[in-house]
Amino acid sequence: MVLSSVIITYIILMMLIKLIILMLMTNQLYPKTVIPESIKNEIETALSFYPDLKDTAINFEFKKNIKKSTMQAQPTASSFLKRKGQRSYNIFISETVKISGEVLYTVDMPQEVLIGWIGHELGHVMDYKNRSNLNLMWFGVKYLLSDNHIATAERAADTYAVQSGMEQYILKTKDFILSQANLEQSYIARIKKYYLSPEEIMDIINQRDANLSEY
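Numbering-wise, the sequence shown is residues 113 to 327 according to this note's numbering.
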């Protein structure tokens, strides 16, 4: 009995040490990132695929409702007064999503699906950070006015995520939206119209792996 208590105490202690180390590593790797505690693990997992964002200021924030979206990435207003390497970004996350006629909390979605969704938004940040301020402003105008540009932007974000190695999560998210969640048909139609299909994602994976095998 005493031995069992010692083993349990040891296991708990090791888990606490591991958690502390992980928190310290996250603070060191992404010191400028603001993360809600309720989805901390999912955000940290998604960020781990984007080492190029380790010095980028990103604020993850819940919103009551986001029109036509579950999540939305955008540069902060003050960023346009700075050089592109000094920009900061917001990733807004809708608090709820409507599934099968019921309103559910986004944090209650399957973990892999949530990671994939976050990974897609980080793909947008990767796209934004490589643009000049003028180019980024023009990008925003075209996104508001052109359906074709929406598709270009969303497919680029998907591509960044897949090229970063997040295909497992992106495909899980696609499957959840298109096949499992019973989301509103208007939302599903939007996903099919603007985002990469699972088949297109597999083509990108195959091309990426073929390129890697050449080295």
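Where a beta carbon is used, it is the ideal one built from N, C-alpha and C, also for glycine.
Shown here for Gln223: same chain residues with a beta carbon closer than 8 Å to its own, the five before and five after excluded, namely Asn153, Glu154 in chain order. Nearest to Glu207 by alpha-carbon distance, out of Pro148, Asn318, Gln297, Gln292, is Pro148.
Listed in chain order, the beta strand (DSSP E) runs fully inside the region 213–256 are 214–217, counting runs of at least 3 residues. At the C-beta level, Tyr281 and Met238 stay beyond 8 Å of one another.
Taking all protein chains shown into account, Tyr217 has fewer than 16 neighbouring C-beta atoms within 10 Å of its C-beta and is therefore exposed. Distances from the CA of Glu156 to each of Lys179, Ile230, Ile178 were compared; the closest alpha carbon is that of Ile230. According to the DSSP assignment, Lys176 belongs to no beta strand (DSSP E), since it is labelled neither H nor E. As a beta-bridge residue in DSSP terms, Ile205 pairs with Phe174, Met183. With 16 or more other Cβ atoms inside 10 Å of its own Cβ, Pro187 counts as buried. By the criterion of a C-beta distance shorter than 8 Å, Arg243 is surrounded in its chain by Lys196, Phe251, once the five residues flanking it on both sides are discounted.
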